[in-house]
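Colleague: My questions all concern the structure below.
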Amino acid sequence: MADNTQEGAQTDCIRVLHFVSTLSRGSGVMSVIMNYYRHIERDKVQFDFLHFIACEDSYMEEIRELGGKIYCIDKPGSSFQSIKQLNSFFRLHAGEYTWLHNHEVYLTFLLSPIAKRYGLEKFIVHCHATKYSDKTLNAVRNQILCLPIRFMKVERFACSEAAGKFLYGEKMLKAGKVFIMHNAIDCEKFRFRPEVRERLRKEMGLDGKFVIGHVGRFERQKNHEFLIEVFAEVKKRRPESILLLVGQGSLESKIKYMVVEKNVEKNVVYLGQRDDVADLLQIIDLFLLPSRFEGLGIVLFEAQTAGIQCMVSNYVPKESSLGNVMYLPLKNAKFSWVNGALKKIKTFDNDLLSRSIVSDNAIQKMNKKGITLQQQAKKLQRLYLVN
């Protein structure tokens, strides 16, 4: 159980312990947490992290720079030793924290009783999804493990109404017992910038191309197989089309093989895990998100804020739309997506002024809804401090 933190971390403010599986830069959950961490007043609220999966490309260095402490343990429940380790951790550290903020909802049944045994009473369960797992057996297991949450004395968070209804039930949601904490973004960072678009398209040899984009992990949830099927058909009719893929994941090799099989490898660009997504979105003309499920779909906020037209599956919550989104089914619907994309290409005129206006309107809607990063960070900080 390692404490990988820098010396001199702040002690004159409340500390919140975030429990996550990994500190990976490829984790959507960590991306959300780090967004809030950067924008809260860290002289009033500090974040520490307890995780159980080690990785190379992580937020560890940034967390240290921001004043956070990091602890790594075995996955709770994986062995008898892991339970002893969890007890030992809270026996030593529970008194340092005002809140335990749990992002691994299926482990609440273990974490909450142990934390409370050592005096850490304030406990947040935070749902980031609308499905228990990609894998059937894991989904059944997680559903069973999550059943006690509805009856436990905890604060119930969700990233969207859809996620709240999924985990806690419609009755609790309507009764106001679920706190909706939207996965917000820094709108100015993603605002459309014509000069960045022109520079990057020139550098990447994309002048005169229609660029279809996707940002997401190469995992079953993101449905890359369907994405490639759709793009292969689009490319047959519009050979100037390019597919830009940002992300990494366990299915990457499988998807690359499929791309070769479909004979579109010359039109697909893999960019890997990137920190400059805000810049890369400037290049894209049409954003596709055919996810099998999403808690909210924060990348959709990012794409719309950049002024991009979007086509997404009807499994993405409607709360993610700022008005520039076309929702489509997935079942037996490949050609609905193909035809939708072809229509977008046909009507595309590369009008940068119009795109700037769309981007401005999206940002105004984010502000009006109160779901910009600055607004949501203040909301979260207030909850930590007042309750």
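Using the working numbering, you'd call the opening residue of the sequence shown number 341 and step up by one each time. Cβ atoms here follow ideal geometry from the backbone N, Cα and C, with glycine treated the same way.
Name the residue from C527, E580 and F675 whose alpha carbon lies nearest to the alpha carbon of A646.
Modeller: A646 has its Cα closest to that of C527, out of C527, E580 and F675.
Colleague: Give a yes or no on contact between the stretch 395–404 and the stretch 416–436, applying the rule of three or more CB pairs nearer than 8 angstroms.
Modeller: Result no; under three Cβ-Cβ pairs closer than 8 angstroms.
Colleague: Is the distance from the Cβ of V360 to the Cβ of H379 below 9 angstroms?
Modeller: Their beta carbons are not under 9 angstroms apart, which means V360 does not touch H379 by this criterion.
Colleague: Going by DSSP, what residues sit across from R355 in a beta bridge?
Modeller: R355 is bridged to Q386.
Colleague: Are the CB atoms of C499 and V372 nearer to each other than 9 angstroms?
Modeller: Against a cut-off of 9 angstroms, the Cβ pair of V372 and C499 comes out as a contact.
Colleague: Going by alpha carbons, who is nearest to Y437 out of K424, F463 and P453?
Modeller: Nearest option by C-alpha distance: F463.
Colleague: For the stretch 513–553, list the alpha helix (DSSP H) runs that are entirely contained and at least 4 residues long, ordered along the chain.
Modeller: Those alpha helix (DSSP H) runs which fall completely within the stretch 513–553 and span 4+ residues are 527–530 and 534–543.
Colleague: Skipping 5 residues on each side, what residues in its chain have a beta carbon closer than 7 angstroms to that of R541?
Modeller: Closer than 7 angstroms at the Cβ level, and outside the excluded window around R541, lie D547 and I623.
Colleague: Please classify E347 as buried or exposed, where buried requires at least 16 other C-beta atoms within 10 Å of its C-beta.
Modeller: Residue placement at E347 is poorly supported in this model, since its pLDDT is 42, which falls under 50; the coordinates still yield a value, given next. Label assigned to E347: exposed.
Colleague: Report yes if the CB atom of F633 is closer than 9 angstroms to the CB atom of Q561, and no otherwise.
Modeller: The answer is yes: Cβ separation under 9 angstroms.
Colleague: Tell me, to the nearest whole angstrom, how far the beta carbon of G637 is from that of P657; I am working on the premise that it is less than 8 angstroms.
Modeller: Yes, G637 and P657 are in contact; Cβ-Cβ is about 7 angstroms, under 8 angstroms.
Colleague: Measuring alpha carbon to alpha carbon, tell me which residue in F641, V480 and A524 is nearest L713.
Modeller: The candidate whose alpha carbon is nearest that of L713 is A524.
Colleague: Excluding sequence positions up to five away, which residues of its chain have a Cβ less than 7 angstroms from the Cβ of R577?
Modeller: Same-chain partners within the cutoff: L682.
Colleague: With a cut-off of 8 angstroms on the beta carbons, I'd call L629 and H554 a contact; round off their distance for me.
Modeller: At roughly 7 angstroms, the Cβ-Cβ gap stays under 8 angstroms, so L629 and H554 are in contact.
Colleague: Going by Cα to Cα distance, which pick from F558, G663 and V445 is closest to M598?
Modeller: Ranking F558, G663 and V445 by Cα distance to M598 puts F558 first.
Colleague: Rounding to the nearest angstrom, what Cα-Cα distance links A572 and H468 in this structure?
Modeller: Approximately 32 angstroms, taken between the alpha carbons.
Colleague: For G637, which of helix, strand or coil comes out of DSSP?
Modeller: Coil, per DSSP.
Colleague: Measure the CB-CB distance between L611 and L585 and report whether it falls below 9 angstroms.
Modeller: Result yes, Cβ atoms of L611 and L585 sit closer than 9 angstroms.
Colleague: In the DSSP assignment, find the unbroken beta strand (DSSP E) run with R378 in it and report its ends.
Modeller: From DSSP, R378 is part of no beta strand (DSSP E) but of the alpha helix (DSSP H) over G368 to H379.
Colleague: How is the alpha helix (DSSP H) around S696 delimited, first residue to last?
Modeller: Unbroken alpha helix (DSSP H) run through S696: L692 to K709.
Colleague: Quick one: what's got a C-beta closer than 8 angstroms to L620's C-beta in the same chain, skipping five residues either side?
Modeller: Excluding residues within five positions, the ones whose Cβ falls inside 8 angstroms are L540, G553, V555, L584, V586, L611 and R614.
Colleague: Take D474 and list the residues in its own chain whose beta-carbon comes closer than 6 angstroms to its own, dropping the five residues that flank it on each side.
Modeller: Here the set comprises R560 and Q561.
Colleague: From R531 to R365, what does the alpha carbon distance come to, in whole angstroms?
Modeller: Their backbone Cα atoms lie some 22 angstroms apart in a straight line.
Colleague: For P488, which residues from the same chain have a beta carbon less than 7 angstroms from its beta carbon, with the 5 sequence-adjacent residues on both sides left out?
Modeller: F449.
Colleague: In whole angstroms, what is the alpha-carbon distance linking S653 and K424?
Modeller: If you take the alpha carbons of S653 and K424, they lie about 43 angstroms apart.
Colleague: Could you name the residues of the same chain whose beta carbon sits closer than 7 angstroms to that of V604, not counting the 5 residues immediately before and after it, in chain order?
Modeller: Excluding positions up to five away in sequence, the list reads F571, A572 and K575.
Colleague: How would you label I648, buried or exposed, when you count the other beta carbons within 10 angstroms and need 16 or more for buried?
Modeller: By the neighbour-count rule (16 or more Cβ atoms within 10 Å), I648 is buried.
Colleague: From what residue to what residue does the alpha helix (DSSP H) around N482 run?
Modeller: Segment T476 to C486, the alpha helix (DSSP H) holding N482.
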